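*Asks:*
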Amino acid sequence: MKVKLLAILILFQFKAFSQKTCKLINEQTKNAIAFASIYIENENININSDEVGGFILNAPKSDNNLIVFNALGYEIKKIKYGDINGEVCLKPKSFVLDEVKVYNRKNTKELNIGTFKGYDSLHSSGMRSLFLLARYFPYSKDYDDYQFLKSITILTKNELKSAKFNLRIYSANDGKPSTLLNQKNITVEVEKGKKLSTIDISDLNIMMPKEGIFIAYEWLAISSNYYSYKTTFTDKNGTKSKRIMEDYQPKIGLNYTNSSDNSWRQLGGKWGINSVKPIKDQYTIPAISLTLNN
Numbered sequence: 001m002k003v004k005l006l007a008i009l010i011l012f013q014f015k016a017f018s019q020k021t022c023k024l025i026n027e028q029t030k031n032a033i034a035f036a037s038i039y040i041e042n043e044n045i046n047i048n049s050d051e052v053g054g055f056i057l058n059a060p061k062s063d064n065n066l067i068v069f070n071a072l073g074y075e076i077k078k079i080k081y082g083d084i085n086g087e088v089c090l091k092p093k094s095f096v097l098d099e100v101k102v103y104n105r106k107n108t109k110e111l112n113i114g115t116f117k118g119y120d121s122l123h124s125s126g127m128r129s130l131f132l133l134a135r136y137f138p139y140s141k142d143y144d145d146y147q148f149l150k151s152i153t154i155l156t157k158n159e160l161k162s163a164k165f166n167l168r169i170y171s172a173n174d175g176k177p178s179t180l181l182n183q184k185n186i187t188v189e190v191e192k193g194k195k196l197s198t199i200d201i202s203d204l205n206i207m208m209p210k211e212g213i214f215i216a217y218e219w220l221a222i223s224s225n226y227y228s229y230k231t232t233f234t235d236k237n238g239t240k241s242k243r244i245m246e247d248y249q250p251k252i253g254l255n256y257t258n259s260s261d262n263s264w265r266q267l268g269g270k271w272g273i274n275s276v277k278p279i280k281d282q283y284t285i286p287a288i289s290l291t292l293n294n
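Residue numbers (our numbering): 1 to 294.
1. C22 and E87 - do their beta-carbons sit closer together than 8 Å?
2. Taking the continuous beta strand (DSSP E) assigned at Q28, which residues delimit it?
3. Could you tell me which residues DSSP pairs with T179 in its beta bridges?
4. For a test of the three-state rule: what should DSSP assign to K141, helix, strand or coil?
5. Helix or strand or just coil, what does DSSP make of L220?
6. Ignore the nearest five residues each way along the sequence and tell me which others in P92's own chain have a CB closer than 8 Å to its CB.
7. Going by beta carbon distance, what residues of the same chain come within less than 6 Å of L267, once the five residues before and after it are set aside?
8. Where are the alpha helix (DSSP H) runs, 4 residues long or more, that stay fully inside the stretch 214–261, in chain order?
9. What is the DSSP secondary structure of D200, counted as helix, strand or coil?
10. Is the stretch 143–154 touching the stretch 278–291 in the sense that three or more CB pairs, one from each, lie closer than 8 Å?
11. Mapping the DSSP letters down to three states, classify V100 as helix, strand or coil.
12. Give the single residue among Y81, F148, L180 whose Cα lies nearest to the Cα of D203.
13. Could you compute how far the alpha carbon of V188 sits from the alpha carbon of N237?
14. Are the beta-carbon atoms of W264 and Y136 separated by less than 8 Å?
15. In angstroms with no decimal places, state the Cα-to-Cα distance between Q249 and L160.
16. Using only alpha-carbon positions, find the residue among I33, K30, T198 that is nearest to T115.
17. To the nearest angstrom, report how far apart S260 and K30 are at their CA atoms.
18. For E51, collect the residues of the same chain with a Cβ closer than 7 Å to its Cβ; drop the 5 residues on either side in sequence, then sort them by chain order.
19. Find the nearest neighbour of K117 within the set K77, G272, L181, K194, judged by alpha-carbon distance.
20. In whole angstroms, what separates the C-alpha of D247 from that of S124?
21. Helix, strand or coil: which one does DSSP assign to G268?
22. Is Y81 helix, strand or coil when you go by DSSP?
23. Do K251 and K157 have their beta-carbon atoms positioned less than 8 Å apart in this structure?
24. Which partner residues of Q164 appear in the DSSP bridge assignment?
25. Taking the CB atoms as reference points, tell me whether Y81 and N104 lie closer together than 8 Å.
26. Based on the DSSP output, what are the partners of Q19 in its beta bridges?
This is the structure in structure tokens:
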């Protein structure tokens with residue numbers, strides 16, 4: 001009995017010390033930083049800080065593993081896991097102010113691009129390899145009279161009462177995602193079920209670049225988005241077994257396409273074309289559309 005009790009105590013202590021409960025804060029104001037991306041460098045394991053900046057780190061292979069903290073509006077920070085203790089401070093980025101620009105927006109006409117009807121499939125997050133999924137909108141001469149981004153429309157399906165996700169907007173360079181154009185989180189909350197959400201971004205005054213633009217969907221690995229369910233798995237021998245599946249909600253809608261050129265993903269901080277052909281030998285593209293106006 002004593003041996004069992006000792007083993008339980010050792011196991012409890014191991015679990016306690018194999019995790020760190022921390023908080024991410026602004027170095028200057030000490031305010032919490034929500035929904036920052038946190039991952040082990042060169043590994044495809046990603047979490048996010050929650051609404052109050054909290055996060056839990058599982059111990060990596062070594063205390064020398066670098067943990068990367070990436071939050072909108074802040075300088076990227078890398079810290080050895082062994083050096084993290086309690087609070088992690090990020091330094092706000094310093095922005096050089098350009099000349100004040102006066103935008104003469106007329107708002108008299110608009111154009112929808114990348115429109116879709118429903119979705120052909122859904123993409124879930126998984127639990128360990130979270131990533132950004134983006135749609136590229138190349139520029140067209142048809143957009144000359146519609147210089148500004150007005151809104152983003154996205155199709156999701158959520159199994160929880162409510163769940164949140166982030167949107168990111170990137171400029172393009174040689175057809176690849178380049179500079180992040182929004183320096184604050186665009187966080188969207190959706191209720192349970194299939195939802196078509198339109199997010200007004202006209203206050204950002206982003207003009208449609210001649211090189212095109214990327215709209216990226218970011219899953220948030222926070223406890224309020226966690227979802228688990230039971231399913232029946234059949235192996236190659238026909239043997240069935242019960243499994244518990246886990247992911248972060250909501251799922252994003254996908255549409256079939258003949259080309260992978262405009263579908264991209266970021267995994268481990270690196271961008272690449274989303275060239276997997278998992279369904280009916282066709283590529284998929286995120287169910288995201290844009291509205292431009294003048």
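We treat Cβ as the ideally placed atom computed from N, Cα and C, and that holds for glycine. Predicted model, so just to flag it, every value in this text is computed and none were measured.
*Replies:* Based on what the coordinates show:
1. As a first step, residue 87 is located in the sequence shown; it is residue number 87 there, counting from the start. As a first step, residue 22 is located in the sequence shown; it is residue number 22 there, counting from the start. Yes; because the gap between Cβ atoms is below 8 Å, this pair is in contact.
2. Taking the sequence shown and counting its residues from 1, the one referred to as residue 28 is at position 28. It is not in any beta strand (DSSP E) - Q28 carries neither H nor E in the DSSP assignment.
3. Counting from 1 along the sequence shown, the entry for residue 179 is found at position 179. Note: T179 sits in no beta bridge, so no partner.
4. Taking the first residue of the sequence shown as position 1, residue 141 is located at position 141. Three-state DSSP puts K141 in a helix.
5. Position 220 of the sequence shown, counted from the first residue, corresponds to residue 220. Residue state, collapsed to three classes: coil.
6. Counting from 1 along the sequence shown, the entry for residue 92 is found at position 92. These residues qualify, in order along the chain: N26, E27, Q28, G73, Y74, E75.
7. Locating residue 267 in the sequence shown gives position 267, counting from the first residue. Correct list, in chain order: N44, F131.
8. none
9. To locate residue 200, count along the sequence shown from 1; it is residue 200. Three-state result, D200: strand.
10. yes
11. Looking up residue 100 in the sequence shown gives position 100. Residue confidence is low: V100 scores 49 on pLDDT, short of 50, so the model does not pin down where it sits. No coordinate-derived value is stated.
12. Sequence index remark: in the sequence shown, residue 203 carries index 203 (1-based). Closest by alpha carbon: F148.
13. What you label residue 188 is simply residue 188 of the sequence shown in a count that begins at 1. What you label residue 237 is simply residue 237 of the sequence shown in a count that begins at 1. C-alpha separation (whole angstroms): 43 Å.
14. Residue numbering aside, residue 264 sits at position 264 when the sequence shown is read from its first letter. Residue numbering aside, residue 136 sits at position 136 when the sequence shown is read from its first letter. Result yes, Cβ atoms of W264 and Y136 sit closer than 8 Å.
15. Start at 1 with the first residue of the sequence shown, and residue 249 comes out as number 249. Start at 1 with the first residue of the sequence shown, and residue 160 comes out as number 160. Approximately 7 Å, taken between the alpha carbons.
16. The residue given as residue 115 occupies position 115 in the sequence shown. Ranking I33, K30, T198 by Cα distance to T115 puts T198 first.
17. Within the sequence shown, numbered from 1, the residue matching residue 260 stands at position 260. Within the sequence shown, numbered from 1, the residue matching residue 30 stands at position 30. Their Cα atoms are separated by approximately 43 Å.
18. Residue numbering aside, residue 51 sits at position 51 when the sequence shown is read from its first letter. For E51, where only same-chain residues beyond five positions count, the Cβ hits under 7 Å are A34.
19. The residue you call residue 117 lines up with position 117 of the sequence shown. Per the Cα distances, K194.
20. Here the question's residue 247 lines up with position 247 in the sequence shown. Here the question's residue 124 lines up with position 124 in the sequence shown. Going by the C-alpha atoms only, they are around 7 Å apart.
21. The residue you call residue 268 lines up with position 268 of the sequence shown. In the structure shown, G268 sits in coil (DSSP, three-state: anything other than H, G, I, E or B).
22. Against the sequence shown, residue 81 aligns to sequence position 81. Three-state DSSP puts Y81 in a helix.
23. Locating residue 157 in the sequence shown gives position 157, where the first residue counts as 1. Locating residue 251 in the sequence shown gives position 251, where the first residue counts as 1. The answer is yes: Cβ separation under 8 Å.
24. If you number the sequence shown from 1, residue 164 lands on position 164. It is worth fixing the name first, because residue 164 is Lys in this sequence and not Gln. BP columns for K164 point to E189.
25. Within the sequence shown, the letter at position 81 stands for residue 81. Within the sequence shown, the letter at position 104 stands for residue 104. Contact: no.
26. Residue 19 sits at position 19 when you count from the first residue of the sequence shown. Paired residue(s): N58.
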